[in-house]
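Asks: Heads up: the sequence shown begins at 1 in the UniProt record's numbering, then just goes up one per residue. Note that CB positions come from ideal geometry on N, CA and C, so glycine has one too. Since this is a predicted model, take the numbers as computed values, not measurements. Before I ask anything, here is the structure I am working with.
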Amino acid sequence: MSEHFRQIFLGLIIAFFAGFSLFFLVSKDGPDPEPPNEETPVPDSPLWGVDSVNIANEDFMNCITGSFGDPAVFGRYMVDKEGVSHGLTSEEIEYLHANDIAILPIYNHFEDATTYEAGVAEAEQAIAFANDYQIPEGVALFADIEPIYPVDHQFILGWHDTISASPYQSGIYGVFSADSELTAAFQQAVAENEEILAETVIWSNQPQVGITTEATAPEEFAMEGPEGGLLYAWQYGLDAEVCNIDTNLFQPEILDYLWR
């Protein structure tokens, strides 16, 4: 190879590597690509769901989806209560979660919602049940205060104080109409401890509209409950003639308090 061609060849090699280095530096200094958004989008409208004393197996879910719709939330009871409700099973927990259905845990192992000591004792039992199920921290445990149960503000104070000291969140179900005994007791409890209003998820069965399908559920989320409270769950329809369910609407915010 002549000296002339050798110089040309070396020049081309130098130019190639210089260009490659410049390209690499420019690429390196450019902005990194944004990571993909892996967060689950939050719905901007109420969610439809159900609750039941029955075990949510595939046959029962087929009844619900065939007659009513596809629930996003399912309220289920923790541990059997003889003659009243079937408790959650490991199989249905797996089934519901596999179908992207959030679980609302209900505690109903009492029939008298009075006295601070009882509120503490029932909350401790609810927490023990939740631990047995390995329910994650941050999930709300709902005390089921039925319309016929006696209730006072001391029970609510005891329930809240105990649940709030645990990894879980406080929830209460019941008749939260303006003139109900439960509403009066709740307001009195809030007067003694303002944190109860900000920390208790309310599940109200008022007003009653009646059982509907998902498609014909109320267009407006019109539940009654304590003003300024976490009014996230409305059981608007009771005792369906088929499938043994109640029908509910939920504000999207409740997803932060459910077992998913």
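Alpha carbon to alpha carbon, how far is Pro136 from Tyr149?
Replies: The alpha-carbon atoms of Pro136 and Tyr149 are separated by roughly 29 Å.
Asks: Indicate whether at least one CB of chain B lies closer than 8 Å to the CB of Ala143.
Replies: You won't find chain B in this structure, because it holds only one protein chain.
Asks: Residues in the same chain with beta-carbon distance under 6 Å from Ala189, minus the five sequence neighbours each way, listed in chain order, please.
Replies: Counting only Cβ-Cβ distances below 6 Å, and skipping sequence neighbours, we find His153, Ile156, Leu157, Ile196.
Asks: If we count the other Cβ atoms within 10 Å of its Cβ and call it buried at 16 or more, is Leu258 buried or exposed?
Replies: Counting Cβ neighbours within 10 Å, Leu258 comes out buried, since at least 16 surround it.
Asks: Where Asn62 and Ala191 are concerned, what is the direct C-alpha to C-alpha distance, given to the nearest angstrom?
Replies: Going from the Cα of Asn62 to the Cα of Ala191 covers about 46 Å.
Asks: State buried or exposed for Val50, treating a residue as buried only when at least 16 other CB atoms are found within 10 Å of its CB.
Replies: It counts as buried.
Asks: Based on the DSSP secondary-structure assignment, which residues constitute the bridge partners of Pro105?
Replies: DSSP lists Arg76 as partners of Pro105.
Asks: For Ile202, report the span of its beta strand (DSSP E) as first-last.
Replies: Segment 200 to 204, the beta strand (DSSP E) holding Ile202.
Asks: Asp80 to Ile55, Cα distance in whole Å?
Replies: If I take the Cα positions, the gap works out to 10 Å.
Asks: Round the Cβ separation of Leu182 and Val209 to the nearest angstrom and send it over; I've been treating them as touching at under 8 Å.
Replies: With 8 Å as the limit, Leu182 and Val209 do not qualify as a contact, their Cβ atoms being about 19 Å apart.
Asks: Does the Cβ-Cβ distance between Gly87 and Tyr77 come in under 8 Å?
Replies: Yes, the Cβ-Cβ distance between Gly87 and Tyr77 is below 8 Å.
Asks: Would you say Gly237 and Thr216 are within 8 Å of each other, going by their C-beta atoms?
Replies: Cβ atoms of Gly237 and Thr216: not closer than 8 Å.
Asks: Using beta-carbon positions only, say whether Val73 and Ile101 come within less than 8 Å of one another.
Replies: Yes. Within cutoff.
Asks: What's the call for Glu194, buried or exposed, on a 16-neighbour Cβ count within 10 Å?
Replies: By the 10 Å Cβ count, Glu194 comes out exposed.
Asks: Can you give me the Cβ contacts of Gly119 inside the same chain, cut-off strictly under 6 Å, excluding the 5 residues immediately before and after it?
Replies: The answer, listed in chain order, is Phe155, Gly158, Trp159.
Asks: Would you list the one or two residues that DSSP bridges to Ile49?
Replies: Correcting the residue type first, residue 49 is Gly in the shown sequence and not Ile. Answer is Val73, Asn248.
Asks: According to DSSP, simplified to helix, strand and coil, what is Ile93?
Replies: Three-state DSSP puts Ile93 in a helix.
Asks: Considering only DSSP beta bridges, list what Tyr168 is partnered with.
Replies: In DSSP, Tyr168 forms no bridge with anything.
Asks: Can you tell me the Cα-Cα spacing of Trp48 and Asn99, whole angstroms?
Replies: Looking at the two C-alpha atoms, the distance is approximately 15 Å.
Asks: Going along the chain, which residues of its own chain have a beta-carbon closer than 6 Å to the beta-carbon of Glu39, five neighbours each way excluded?
Replies: Low confidence applies to Glu39: its pLDDT is 44, below 50, so where it sits in the model is not reliable enough to give any reading.
Asks: Short check: CB of Phe129 to CB of Leu104, under 8 Å?
Replies: No, the pair does not count as a contact, with Cβ atoms beyond the cut-off.
Asks: By Cβ distance, which residues of its chain are closer than 6 Å to Ala240, with the 5 residues on each side in sequence left out?
Replies: Answer for Ala240: Ile211, listed in chain order.
Asks: In chain order, what residues of the same chain have a beta carbon less than 7 Å from the beta carbon of Ile85, not counting five sequence neighbours either side?
Replies: It should be noted that the sequence gives Ser, not Ile, for residue 85. Val53, Tyr77, Asn108, listed in sequence order.
Asks: For Tyr173, write down the residues that DSSP places opposite it in a beta bridge.
Replies: Looking at the DSSP assignment, Tyr173 forms a beta bridge with Asp144, Trp203.
Asks: Buried or exposed: Gly66, going by 16 or more other Cβ atoms within 10 Å of its Cβ?
Replies: With fewer than 16 other Cβ atoms within 10 Å, it is exposed.
Asks: By alpha-carbon positions, which one of Asp256, Glu92, Phe250 ends up nearest to residue 274?
Replies: One cannot answer for residue 274 here, as it falls past the ends of the chain, which runs 1 to 260.
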